[in-house]
Amino acid sequence: MAWMFSLLLSWKSKDTLLLNKLTQPSFCLTEWCCVKSKSLSGTVGHPLTMQCPYPSQHRTNRKFLCKGNRRNNCEIQVTSQNSGQTRNRFTLQDDASSSSFSVRITELRAGDAGTYWCGSDSQWSIGNYTKIHLSAVGVFRAVQLERLWDHQNQKGLYP
Numbered sequence: 016m017a018w019m020f021s022l023l024l025s026w027k028s029k030d031t032l033l034l035n036k037l038t039q040p041s042f043c044l045t046e047w048c049c050v051k052s053k054s055l056s057g058t059v060g061h062p063l064t065m066q067c068p069y070p071s072q073h074r075t076n077r078k079f080l081c082k083g084n085r086r087n088n089c090e091i092q093v094t095s096q097n098s099g100q101t102r103n104r105f106t107l108q109d110d111a112s113s114s115s116f117s118v119r120i121t122e123l124r125a126g127d128a129g130t131y132w133c134g135s136d137s138q139w140s141i142g143n144y145t146k147i148h149l150s151a152v153g154v155f156r157a158v159q160l161e162r163l164w165d166h167q168n169q170k171g172l173y174p
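Letter 51 of the sequence shown, counting from 1, is numbered 66 in the numbering used here, and no numbers are missing.
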C-alpha cells in the first residue's frame with residue numbers, strides 16, 4: 016500500500032516521476048514463505064548437532080550453514096562442498112536418503128550463540144531455509160570447600 020501512496024503523490028507532483036515509478040519498479044522481497052524457525056540450546060564445551068531438512072528435489076543442491084541476523088548477509092560456517100570435513104569446529108554431513116543434513120559443532124563456545132541459517136540453494140527455484148536461534152549455556156562447577164583445622168590455634172580455616 017505504501018508504494019501506491021508514493022505513486023499517487025508522484026502523479027500529482029510530476030508526470031515524469033510517475034513514468035519513472037511505472038517503468039522502474041523496485042520491490043523488497045522477503046523469503047517468509049520458505050523459512051522454518053526453531054530454537055536450540057547447547058552446553059558450552061560440549062558437542063552440538065543441528066538438523067536441517069530440505070525438499071527431496073534439492074538433494075543435489077549446495078547445502079550450507081551460515082551465522083547472522085539475515086539470510087542474505089550472513090557468514091558461511093560450512094557448506095556441502097566440504098561435506099564430512101571439519102571446518103573451524105563445524106562439520107556438515109548430508110543424508111540425501113532422509114532429505115536432511117546435519118551440522119555438528121565439535122566444542123560449543125559462548126560466542127557460537129546467535130542466529131544461524133541452514134538450507135539448500137537453488138538456481139531455478141526458491142531456496143529452502145531453516146532459521147535457528149542457538150543459545151549456549153555455560154557449565155558451573157560446584158567447588159566443595161573443606162574446612163581445614165589449625166591445630167596450633169585450635170580453629171577452623173577455609174581455603
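Here a beta-carbon is modelled for each residue, glycine too, at the ideal position from N, C-alpha and C.
Worksheet entry | Contact set for residue 70: own chain, Cβ-Cβ below 6 angstroms, skip 5 residues either direction | Cβ within range, chain order: 143.
Discussion item. Here's the rule: buried if 16 or more other CB atoms are within 10 angstroms of the residue's CB, otherwise exposed. What is residue 135?
Written reply: With a threshold of 16 other beta carbon atoms within 10 Å, residue 135 meets it and is buried.
Worksheet item: Is it right to say residue 145 is buried, meaning 16 or more other beta carbons lie within 10 angstroms of its own, or is it exposed?
Response: buried
Worksheet entry | Inter-residue spacing [alpha-carbon to alpha-carbon] between residue 41 and residue 107 | Low per-residue confidence applies at residue 41: pLDDT is 43, beneath 50, and the placement is therefore not dependable, though the value from the model is reported in the following sentence. Rounded to the nearest angstrom, the two C-alpha atoms are 37 angstroms apart.
Worksheet item: What beta strand (DSSP E) runs, 3 residues minimum, are completely inside the segment 48-120?
Response: 50-58, 63-68, 78-82, 90-94, 105-110, 115-120
Worksheet entry | Heavy atom of the ligand SAH within 7 angstroms of residue 76 beta-carbon | Ligands displayed in this structure: none; no statement on the ligand SAH is therefore possible.
Worksheet item: Are residue 55 and residue 149 close, meaning C-beta to C-beta below 8 angstroms?
Response: yes
Worksheet item: Are there 16 or more other CB atoms within 10 angstroms of the CB of residue 111, so buried, or fewer, so exposed?
Response: exposed
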